[in-house]
Amino acid sequence: MKRYKYFKALSALSIIITTLFLGGLTSNATEITPDFLEQIEFRKEFGLETNIDKIKLLNQNVKLHEDSNFEIPLTKAEEEELEERFKIQNEYIPKIKKLLDEKYKNEDFTLYINQENKGEIVIKLKQASEHEKVTVQKDTMVNELKSVGPMFNYRIEDGNYSESDLNKISEQMWEKKGQQNLDFDSTSVDVINEKVIVGIIDYTIEKERQLRLAFGDFPLEVVQVDPPNNHRGSYGGEKIVNSRGGACSSGYYAKSGSNHYLITAGHCSRSYNASTGAVTNHTSDTYKYGTTTLGKVNSIRYGGKIDALTISVSSGNANSNININGAVRKMTSSQARNGDTVGQAVCKLGYATGKSQCGTLKSKNVSYTIAGAAFTELRGTNLTSTGGDSGGTMYNSFQYLGINKGSGGGYTQVYSQIGEINYSLGLSTYLQ
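Dropping the structure here:
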């Protein structure tokens, strides 16, 4: 019943497989390590070579270099192809969204990226009652897309539920949860498969039956999920510690007027007593990086669309650098609110994991409750989060995407989107 547990196999030190079938290809007596499994998963996710023997040979001959944007060995051609793919996506996705909002604002549509098919951009049009009308819409849209540019690969197809429809269904479920005493722990919107995934920690067939009776017409998939974790954590790979001894990963610097802040996860300075329901916000916490005092907690936001706190810092400490496997990278942009697309590449940094991880965005709307707070519209990925990674940077190439929260809602990693954080806290990302 479990979904999105992509890296469960990584818990073993190694797995000896006499014959491994992968994409119809076999490799005999191959030792598969956790790192090797990560490489295979990454390659499948992005439509790259998955032949076991070729990947083994690549590991022997290719050494990761400081300037690499990826955490696994790639051929030069593969790395160039991915970099060009992401460049095109970053350039054209905003233009396509703008076009759709302007030209088709009365039409329901969904936009996502199929990375497995060479980064194909997919536009789903909600089916109209008359087939002819849908056909005209498609033909019109093809002509409109030509004005965006000729360099991107896209596909237009029919759909039954738009992203907007699915978000409304998720909202209705949470509204009715308390009213009808329904037992579920999380929801996440899956725009690719046009359904809402409903997570139950203590799953039973009867609980699923009650859900389907209550929401019979809704496109649901009911699954068992693990309890969400509050991970403690570093900044772009660097560890910060509060005055109570708790460690978290720092995410990014932001500013409001002349004030500067470091952003990390809100739960890093929040305590919750499960027995009494009492919440303590440790607003007197002071954070350090090594022996350097960064500053004191300014605000904590835990619930809704974000898990974030701001630490007041001096302008001299503010920067736009992240630490990727020991190499410093200067970030140049920050993703806008709702500027992300399902299927886009996402990477995570955290001091506990100790290295960069990259995968894809699976859902823009993951909802669940934890530690006395309700969350919605968190982002779900196929990455992993280790205790201590909380607050760590989410990024793609040279763009900030958000900060790591941990795991929950059936996903092995979830994060708060940077545009939502800045909007909620009245901040702008520091990019100097």
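For the sequence shown, the residue numbers in mature numbering (1 follows the signal peptide of the UniProt record, and there is no 0) are -29 to -1, 1 to 403. Ideal Cβ positions, reconstructed from N, Cα and C, are used throughout, including at glycine.
Check	Outcome
Beta-carbon proximity list for P198, same chain, < 7 Å, skipping 5 on both sides	I172
Contained alpha helix (DSSP H) runs [length at least 4] in the stretch 69 to 128, N- to C-terminal order	102 to 117
Alpha-carbon spacing of T(-12) relative to L8, whole angstroms	Note that T(-12) scores 31 on pLDDT, short of 50, meaning its location in the model is unreliable and no value can be drawn from it.
Given 8 Å, three or more beta-carbon pairs between the stretch 315 to 327 and the stretch 359 to 376	yes
DSSP three-state assignment for I392, whether helix, strand or coil	helix
CA-to-CA distance, Q108 to L71, given in whole angstroms	12 Å
Contact the stretch 46 to 55 vs the stretch 334 to 347: 3+ CB pairs below 8 Å	no
Where the beta strand (DSSP E) containing Q328 begins and where it ends	328 to 341
In DSSP terms, what M365 is bridged to	K319, G373
Proximity below 9 Å, CB of Q151 to CB of G170	no
Cβ-Cβ separation, Y243 to A342 (assumed contact under 8 Å), whole Å	4 Å
6 Å CB neighbourhood of I392 in its chain, flanking five on each side removed	I277, A279
Residue from S270, G275, N294 with nearest C-alpha to V284	S270
Straight-line Cα distance separating L349 from G187	25 Å
Where D360 falls, given that 16 or more other Cβ within 10 Å makes a residue buried	buried
Pair within 9 Å by beta-carbon distance, G362 and V385	no
Cβ contact check for the stretch 154 to 164 and the stretch 212 to 224: 3 or more pairs under 8 Å	no
K333 classed as buried or exposed, judged by whether at least 16 other C-beta atoms fall within 10 angstroms	buried
For G149, the first and last residue of its enclosing alpha helix (DSSP H)	134 to 150
Length of the line joining the Cα atoms of L45 and F17	12 Å
Closer than 8 Å: P190 CB and nearest the ligand ATP heavy atom	Looking for the ligand ATP in the displayed structure turns up nothing, as the structure carries no ligands at all.
Beta carbon of A289 nearer than 9 Å to that of H231	yes
C-alpha distance - I295 paired with T324, whole-angstrom precision	12 Å
Neighbourhood of K301 by C-beta, 6 Å cutoff - its chain only, sequence neighbours within 5 removed	S291, N292
Nearest-angstrom beta carbon gap, I234 and A225 [assumed within contact, 8 Å]	6 Å
N353 - DSSP class collapsed to helix/strand/coil	coil
Alpha helix (DSSP H) segment containing R14, residue limits	5 to 16
Simplified DSSP assignment, three categories, for Q384	strand
For G274, the residue or residues it bridges with in DSSP	I277
Cα-Cα separation, N32 to I64	35 Å
Check whether Q60 and F155 have beta carbons under 9 Å apart	no
Per-residue burial, S305 [other beta carbons within 10 Å of its own, 16 or more giving buried]	buried
Rounded straight-line distance, which links the Cα of I168 to that of Q143	14 Å
D311 versus C219: straight-line alpha-carbon distance, rounded	25 Å
Helix, strand or coil at Q195 according to DSSP, with G and I counted as helix	strand
Residue closest to Y394, alpha-carbon to alpha-carbon, out of D79, S118, T21, R272	R272
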